[in-house]
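J.:
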Amino acid sequence: MKPWTAARSSAAAAGSALGGCAGRAPGSGTLPPARGLPPRHRLIPVDASFDRIVRTVVGLRPYRPSGFVVRAEPMGGKLVVHNYGHGGGGISLSWGSSHLAVEEVLASEHREVAVVGAGVMGLTTARLLQRAGRRVTIYARDLPPSTTSNVAGGQWTPFSVFDPDAVTPTFRARFDRAARLAHRHFQDFLGRGYGVSFADNWYLSDAPVRLGSLITELPDLFHDVEEAVPFEEHPFPSRHAARVTTMMVEPGAFLAATERDVRRAGGVVVVRAFRDAADLLSVPERVIVNCTGLGARELFGDEELVPVKGQLTVLVPQAEVDYLVLRGGAYMFPRSDGILLGGTFERGEWSLEPDADALRRIVADHVGFFDAMGARLRGA
1 MKPWTAARSS AAAAGSALGG CAGRAPGSGT LPPARGLPPR HRLIPVDASF
51 DRIVRTVVGL RPYRPSGFVV RAEPMGGKLV VHNYGHGGGG ISLSWGSSHL
101 AVEEVLASEH REVAVVGAGV MGLTTARLLQ RAGRRVTIYA RDLPPSTTSN
151 VAGGQWTPFS VFDPDAVTPT FRARFDRAAR LAHRHFQDFL GRGYGVSFAD
201 NWYLSDAPVR LGSLITELPD LFHDVEEAVP FEEHPFPSRH AARVTTMMVE
251 PGAFLAATER DVRRAGGVVV VRAFRDAADL LSVPERVIVN CTGLGARELF
301 GDEELVPVKG QLTVLVPQAE VDYLVLRGGA YMFPRSDGIL LGGTFERGEW
351 SLEPDADALR RIVADHVGFF DAMGARLRGA
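At position 66 of the sequence shown (counting the first as 1) the number is 66 in my numbering, and the numbers step up by one without a gap.
1. Can you round the beta-carbon distance between Gly119 and Ser149 to whole angstroms, since I take them to be within the 8 Å contact cut?
2. Roughly how many whole angstroms lie between the Cα atoms of Thr56 and Ile339?
3. Cutting at 8 Å between CB atoms, please list the residues of its own chain near Ala278, excluding the five before and the five after it.
4. Applying the 10 Å Cβ sphere with the 16-neighbour rule, what's the burial state of Trp202?
5. Just checking my contact of Leu106 with Ala132 at CB under 8 Å: how many whole Å lie between their CB atoms?
6. Please identify the residue among Ala207, Arg239, Pro237 and Met247 whose C-alpha is closest to the C-alpha of Asp224.
7. For Asp371 and Gly379, what's the separation of their Cα atoms in angstroms?
8. If Ala34 sits next to Pro230, beta carbons under 8 Å apart, how far is it from one beta carbon to the other, in whole angstroms?
9. On the DSSP bridge list, what partners appear for Ala242?
10. How many Å lie between His185 and Ala199 at the Cα?
11. Going by DSSP, what residues sit across from Met373 in a beta bridge?
12. Is the beta carbon of Glu112 less than 8 Å from the beta carbon of Glu285?
13. Taking C-alpha atoms, which residue in Phe50, Arg192 and Phe162 lies nearest to Ala364?
14. Taking C-alpha atoms, which residue in Pro158, Thr170 and Phe274 lies nearest to Gly212?
15. Check whether the segment 252-260 and the segment 80-87 are in contact - that is, three or more C-beta pairs closer than 8 Å.
16. So what does DSSP say about Val209, is it helix, strand or coil?
17. Determine the DSSP secondary structure at Ser97, reduced to helix, strand or coil.
18. Pick helix, strand or coil for Phe50, following the three-state DSSP scheme.
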C-alpha cells in the first residue's frame with residue numbers, strides 16, 4: 001500500500017568531469033565566442049561537476065491522462081471533495097486547483113473541514129479554507145520537508161499535467177481557470193520570504209525552438225517572451241534559443257512558510273496514515289478534502305492515476321546563477337538550496353530509488369554543456 005508517496009534522497013557522487021568539450025556542445029560542433037552580449041544575457045555558467053553533488057532525490061508525479069480531479073462526492077454520510085492528480089504541474093496549479101476545491105466545500109454549511117495530505121495541494125487548500133472562515137484539521141502521513149511536493153523543481157509552468165488527446169473541452173476550461181487563479185495567487189507571495197520570484201527560462205536546441213503550446217495558448221501567464229534570440233545575443237553553446245520569464249517557486253521555502261501560516265491561523269496538524277477510504281471517513285469532520293496525490297489510486301480506486309518517476313541531482317548552491325535552462329529532456333533550475341539538474345520522466349515506475357545510470361547521464365550532460373558555455377564566454 002502506498003497511501004501517498006513521499007520521496008527518498010541519496011547523497012551521490014560518481015564518475016568524472018568530461019574532457020575535450022571546450023568550445024563545443026554535444027553534437028553542435030565548434031561555436032564562435034560570445035562577445036558583446038546584451039547586459040541581460042551576460043550569464044554565469046553553472047559550475048557543474050560530480051564532486052559538487054549534494055544529493056539526488058526522487059519523487060513520483062501523480063499523473064492522469066484525462067487531467068486532475070476536482071469533484072465533490074457524497075460518501076458514507078459525508079462530503080468528500082477530491083483535489084488530486086496534477087502530474088508535473090502540482091506546484092504551478094496549486095493555488096488555482098485548491099481554489100476550485102474550496103468552491104465545492106463552501107457549498108456545504110459545515111464549518112469544520114478535514115484536509116488529507118500536507119503537500120502543496122493540502123496546504124494551499126487549508127489556507128484558502130481558513131481565509132473563508134473554516135476551521136481546518138490536516139491529516140497527513142508525511143509533513144514538509146518529507147512530502148513529494150518538496151521534490152518538485154518549482155518552475156511555474158503547468159506542463160505534463162494531461163494528455164491533450166484524452167481531455168474534454170470542459171476539463172481544458174477548468175485547467176485554464178486553475179492556471180490563471182494560481183498565477184494570480186502566487187504573485188501575492190513575491191518577495192515575502194515564501195521562495196517565490198521571477199526568473200528567465202532559456203529553451204535551447206540545435207534546431208529552431210518551438211515553445212510549448214501552453215505558452216502560446218495562455219500568453220498572459222508567460223512574460224517577456226522572445227521566441228528566437230539571435231545566436232550572437234546569447235551565451236549558450238546551442239544554435240537556437242528562446243527566452244520566457246516565469247515565476248520560480250522554491251518548494252522547501254514555500255511549503256515551510258505555508259505550513260507555518262496554517263498553524264498560526266489555528267489549523268491543527270495530525271500525523272496519520274489511512275488504510276482505505278473507510279478509515280479516512282472515520283475522522284470526525286463532516287467535510288473531507290482529498291489531497292493525497294498518488295495515494296488516491298488505492299484510497300479511492302482511481303486506476304487511471306499512475307506514477308511518473310522524476311529524478312533530480314542537486315549541486316552546491318551558486319547564488320550568481322539566476323536563470324533556468326531547458327534542453328529537451330535536460331534542465332537546470334537554480335535555487336537557494338542548490339542547483340537542480342534533471343531530469344527523468346518514467347511513466348508507471350513506482351521505485352523511489354535513485355537510478356545511478358540516470359544520475360551519471362544527467363550530470364555528465366550538464367558538465368559538457370556548461371563547460372562549452374564557459375569556453376564560449378571566454379572566447380576559447
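Every residue gets a Cβ at the ideal spot worked out from N, C-alpha and C, and that includes glycine.
T.: The structure says:
1. Here residue 119 is taken as the residue at index 119 of the sequence shown, counted from 1. Here residue 149 is taken as the residue at index 149 of the sequence shown, counted from 1. Yes, Gly119 and Ser149 are in contact; Cβ-Cβ is about 4 Å, under 8 Å.
2. As a first step, residue 56 is located in the sequence shown; it is residue number 56 there, counting from the start. As a first step, residue 339 is located in the sequence shown; it is residue number 339 there, counting from the start. Their backbone Cα atoms lie some 11 Å apart in a straight line.
3. Along the sequence shown, one-based indexing puts residue 278 at 278. Gly76.
4. Taking the sequence shown and counting its residues from 1, the one referred to as residue 202 is at position 202. When all chains shown are included, Trp202 counts as buried.
5. Looking up residue 106 in the sequence shown gives position 106. Looking up residue 132 in the sequence shown gives position 132. 6 Å between Cβ atoms; contact.
6. The sequence position of residue 224 within the sequence shown is 224, counting from 1. Checking every option, the nearest Cα to that of Asp224 belongs to Met247.
7. The sequence position of residue 371 within the sequence shown is 371, counting from 1. The sequence position of residue 379 within the sequence shown is 379, counting from 1. About 12 Å.
8. To locate residue 34, count along the sequence shown from 1; it is residue 34. To locate residue 230, count along the sequence shown from 1; it is residue 230. Not confirmed; about 11 Å, so no contact.
9. Within the sequence shown, the letter at position 242 stands for residue 242. Beta-bridge partners of Ala242 (DSSP): Tyr203.
10. In the sequence shown, residue 185 corresponds to position 185, counting from 1. In the sequence shown, residue 199 corresponds to position 199, counting from 1. Per the coordinates, the alpha-carbon of His185 lies some 17 Å from the alpha-carbon of Ala199.
11. For the purposes of this step, residue 373 is taken as the residue at position 373 of the sequence shown. Answer by DSSP bridge pairing: none, since Met373 is not bridged.
12. The residue you call residue 112 lines up with position 112 of the sequence shown. The residue you call residue 285 lines up with position 285 of the sequence shown. The Cβ atoms of Glu112 and Glu285 lie closer than 8 Å to each other.
13. Taking the sequence shown and counting its residues from 1, the one referred to as residue 364 is at position 364. Ranking the options by Cα distance to Ala364, first place goes to Phe50.
14. The residue given as residue 212 occupies position 212 in the sequence shown. The shortest Cα separation from Gly212 among Pro158, Thr170 and Phe274 belongs to Pro158.
15. In short, these stretches do not touch, since the Cβ pair count stays below three.
16. Counted from its first residue, the sequence shown places residue 209 at position 209. Of the three classes helix, strand and coil, the one that applies to Val209 here is coil, per DSSP.
17. The count along the sequence shown starts at 1 and reaches residue 97 at position 97. Looking at Ser97 - three-state DSSP - the assignment turns out to be helix.
18. Working through the sequence shown from its first residue, we reach residue 50 at position 50. DSSP, reduced to helix, strand and coil, places Phe50 within a helical segment of the structure shown.
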